[in-house]
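Structure first, commentary second.
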Amino acid sequence: MSMKRLTKFIIPVLFLAALYILFFQSEWLGIIIINNPPVPLGTFISWALIFLFSMFMVQNIALNHDAFFDRILKKVLNANLIMAVLWGFVSYFLSGNWTFTFRNMTCFKIWVIYTAVIFLLPTGVVLARQIRKIRKGKGEF
């Protein structure tokens, strides 16, 4: 099995496992795995979910590499992946701690927007691609 096919299998499995922990084993999220500074397991689970979602979208949104518009969309997806990789560090910078407890409402709002963009940008790519197909007369999904 090639590495690309293996990752197409592993990424959704890891994503579902992280979702399972998030929703059904939520008491695990508060377990401190690093003491100084305190870093809860939930930090890594959240970060993994965000990264795995972005990686899944990069791998599974079929783009034509010859088309200029699709090359732009691919760059947007890659930028989104970089944002997902940096999400934990940006969260730490904005909150000042690894538990992501915010004391500043402005920083919290910036964090919410940053996180939302990571999830909404791939949706925008899919919509832009579908609108482009419809306008070109290829209305299939």
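Each number in the working numbering comes from the position in the sequence shown (counting from 1) with 1321 added on. C-beta atoms are modelled at their ideal positions from N, C-alpha and C, and glycine is treated no differently. Here the structure is a predicted model, which means the values were calculated and not measured.
Comparing alpha-carbon positions, which option in S1367, M1324 and I1352 lies nearest L1343? The count along the sequence shown starts at 1 and reaches residue 1343 at position 22. It is S1367.
How close, in whole Å, do the beta carbons of L1384 and D1391 come, if the pair is a contact with beta carbons under 8 Å? Counting from one through the sequence shown, the residue named residue 1384 turns up at place 63. Counting from one through the sequence shown, the residue named residue 1391 turns up at place 70. With a Cβ gap of about 4 Å, L1384 and D1391 count as contacting.
Run through the DSSP bridge pairs and tell me what P1358 is partnered with. Within the sequence shown, the letter at position 37 stands for residue 1358. DSSP output for P1358 lists no bridge partner at all.
Shortest alpha-carbon distance to L1407 belongs to which of R1456, I1439 and I1382? The sequence position of residue 1407 within the sequence shown is 86, counting from 1. If we check each option's Cα against that of L1407, I1439 comes out closest.
Are there 16 or more other CB atoms within 10 angstroms of the CB of R1326, so buried, or fewer, so exposed? Here residue 1326 refers to the residue found at position 5 when the sequence shown is read from its first residue. Exposed, by the Cβ-count rule.
Contact set for K1399: own chain, Cβ-Cβ below 8 Å, skip 5 residues either direction: Mapped onto the sequence shown, residue 1399 falls at position 78. Here residue 1399 turns out to be Asn, not Lys, going by the sequence shown. Here the set comprises V1379.
Specify the secondary structure class of I1353 as computed by DSSP and reduced to three states. For the purposes of this step, residue 1353 is taken as residue 32 along the sequence shown, with counting starting at 1. DSSP places I1353 in strand when its eight states are reduced to three.
By a C-beta neighbour count over all protein chains shown, 10 Å radius and 16 as the cutoff for buried, is G1445 buried or exposed? Counting from one through the sequence shown, the residue named residue 1445 turns up at place 124. Classification for G1445: exposed.
Kindly indicate which three-state DSSP category G1409 falls into: helix, strand or coil? Here residue 1409 refers to the residue found at position 88 when the sequence shown is read from its first residue. Of the three classes helix, strand and coil, the one that applies to G1409 here is helix, per DSSP.
Closest by C-alpha distance to N1357, when choosing among I1434, F1414, I1431 and T1420: In the sequence shown, residue 1357 corresponds to position 36, counting from 1. Nearest option by C-alpha distance: T1420.
In its own chain, which residues sit with a C-beta less than 7 Å from the C-beta of A1449, not counting the 5 before and 5 after it? Locating residue 1449 in the sequence shown gives position 128, counting from the first residue. Excluding sequence neighbours, A1449 sits near L1394.
DSSP three-state assignment for T1436, whether helix, strand or coil: Against the sequence shown, residue 1436 aligns to sequence position 115. Here T1436 sits in helix by DSSP.
Taking Cβ positions, are I1353 and P1359 nearer each other than 7 Å? As a first step, residue 1353 is located in the sequence shown; it is residue number 32 there, counting from the start. As a first step, residue 1359 is located in the sequence shown; it is residue number 38 there, counting from the start. Contact flag set, yes.
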